[in-house]
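Presented below is the structure to which this report refers.
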Amino acid sequence: MNLLPRNLYDTYRDSAQYLYKAYNEIKDNPRFRFIRGLYLSLLANHCYRVGEFDSCAYYANRSYEDLPYVREYRHKAIIWFNISMSWIVRNKLDSALKCRIRYEVYMDSARMQRRASEVLRLSALHELGAREEAYKASLFRRNMVIVLVVVVLVSGGLLLAMWQNRRHLRQKMKAMQSELELEKAKRKMAATALTIEEKDKVLGTLKTELSEMRHEGDIKEGDARRLESTIKSHLLEHDNDEAFQNMFDVVNPGFTERLRARCPNLAESYVKLACYILMELDNKKIASLMMIRLESVHQSRWRLRQRLNIPEGETLESFLRRLNNPQRQ
Numbered sequence: 004m005n006l007l008p009r010n011l012y013d014t015y016r017d018s019a020q021y022l023y024k025a026y027n028e029i030k031d032n033p034r035f036r037f038i039r040g041l042y043l044s045l046l047a048n049h050c051y052r053v054g055e056f057d058s059c060a061y062y063a064n065r066s067y068e069d070l071p072y073v074r075e076y077r078h079k080a081i082i083w084f085n086i087s088m089s090w091i092v093r094n095k096l097d098s099a100l101k102c103r104i105r106y107e108v109y110m111d112s113a114r115m116q117r118r119a120s121e122v123l124r125l126s127a128l129h130e131l132g133a134r135e136e137a138y139k140a141s142l143f144r145r146n147m148v149i150v151l152v153v154v155v156l157v158s159g160g161l162l163l164a165m166w167q168n169r170r171h172l173r174q175k176m177k178a179m180q181s182e183l184e185l186e187k188a189k190r191k192m193a194a195t196a197l198t199i200e201e202k203d204k205v206l207g208t209l210k211t212e213l214s215e216m217r218h219e220g221d222i223k224e225g226d227a228r229r230l231e232s233t234i235k236s237h238l239l240e241h242d243n244d245e246a247f248q249n250m251f252d253v254v255n256p257g258f259t260e261r262l263r264a265r266c267p268n269l270a271e272s273y274v275k276l277a278c279y280i281l282m283e284l285d286n287k288k289i290a291s292l293m294m295i296r297l298e299s300v301h302q303s304r305w306r307l308r309q310r311l312n313i314p315e316g317e318t319l320e321s322f323l324r325r326l327n328n329p330q331r332q
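Have a look at this one:
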């Protein structure tokens with residue numbers, strides 16, 4: 004980026020603005036003294052061409068200070084040439100002649116260095132050509148071996164890919180079948196819960212009607228009490244509870260065991276409440292399934308929370324979901 008304005012100066016010699024810009028970017032950085040001397044020398048040459056002889060002498064002296072840091076022979080030659088021009092301006096021809104001699108010496112060195120570089124380049128090209136021919140011969144042999152290896156690897160890769168694809172398909176079909184069975188179990192569990200609820204509603208209605216019939220004298224007292232006892236026993240037994248529990252364990256394997264491990268003395272009613280909460284049933288539905296009042300559901304939820312020692316800030320639902328998925332903890 005610094006050489007860009009310097010190259011623009013070489014194109015437009017009438018204006019030194021690009022040269023000043025390039026010089027100002029590096030003048031305060033001692034790391035660039037090797038190129039700063041060249042810029043100062045070019046500024047001295049520009050001042051000489053436009054007739055600013057005092058500035059020419061100033062920049063020539065400054066470039067002489069950076070001369071030990073200049074690396075290229077051609078740049079050193081340019082600096083000595085412009086220093087000689089500054090001596091001519093001051094009418095010191097002897098000093099100008101000495102500088103001009105040094106200019107010629109460094110120009111000869113630059114030419115010799117360029118010629119030596121050219122000889123080395125040609126020699127390197129010749130050696131490179133010989134090596135390239137030898138490399139082509141060995142490359143042909145190696146390529147033949149590589150082709151054979153690639154054919155074997157590709158064939159083996161295709162066979163392996165086919166085997167893995169079939170294995171993946173089998174696993175995918177197995178996973179789909181498991182998901183289907185799980186979905187069936189979920190639907191069956193929901194249907195069982197609904198059946199329990201409907202049965203309890205019917206039995207509750209019969210119980211209410213039986214009580215009304217007994218009060219009105221439409222049925223004998225002994226028969227009424229016997230029928231009420233039968234209805235109450237059915238309401239308390241819940242014949243489908245075992246089937247519901249089995250299906251719940253299929254959908255949520257290990258949940259009830261982890262729940263009881265968390266609280267060994269937990270009553271079955273609280274286990275059932277936890278299962279209903281995990282099924283995302285609302286309190287009204289839970290009250291209907293458990294044959295209790297809505298206020299009792301709120302109290303039971305609070306007691307379950309106390310028995311499980313759930314920390315503040317975490318809901319009962321989130322705790323049960325986390326307990327149901329221990330790998331996410």
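To convert a position in the sequence shown, counted from 1, into this note's numbering, add 3.
Yeah, the Cβ is synthetic: ideal placement off N, Cα and C, and Gly gets one too.
This structure is a prediction, so every number in the text was calculated from the model and none was measured.
Around the beta carbon of phenylalanine 143, fewer than 16 other beta carbons lie within 10 angstroms, which makes this residue exposed. Taking C-beta separations shorter than 7 Å and ignoring five residues to either side along the sequence, asparagine 32 has no partners in its chain. The three-state reading of DSSP puts arginine 93 in coil, since its state is none of H, G, I, E or B. DSSP places arginine 74 in no alpha helix (DSSP H); its state is neither H nor E. Secondary structure in the region 148-183: no alpha helix (DSSP H) run of 4 residues or longer lies completely within the stretch. Rounded to whole angstroms, the gap between the alpha carbons of leucine 125 and phenylalanine 37 is 30 Å. Taking a C-beta distance under 8 Å as the contact criterion, tyrosine 109 and alanine 80 qualify as a contact pair. For leucine 45, the enclosing alpha helix (DSSP H) has its first and last residue at 36-53. The Cβ atoms of aspartate 69 and arginine 39 sit closer than 8 Å to each other. Taking a 10 Å sphere around the C-beta of tryptophan 90, we find 16 or more other C-beta atoms and assign the residue as buried. A direct Cα-Cα distance of roughly 24 Å separates glutamine 174 from serine 158. Secondary structure of proline 256 (DSSP, three-state): coil. Residue environment: lysine 275 is assigned as buried (16 or more neighbouring CB atoms within 10 Å of its CB, all protein chains considered).
Here aspartate 57 carries a helix assignment [DSSP, helix/strand/coil]. Around the beta carbon of tryptophan 83, 16 or more other beta carbons lie within 10 angstroms, which makes this residue buried. For methionine 294, the three-state secondary structure derived from DSSP is coil. For cysteine 278, the enclosing alpha helix (DSSP H) begins and ends at 271-281.
Secondary structure note for leucine 22: its alpha helix (DSSP H) is the uninterrupted segment 20-29. Note on methionine 250: 16 or more other CB atoms within 10 angstroms of its CB, so buried under the neighbour-count rule.
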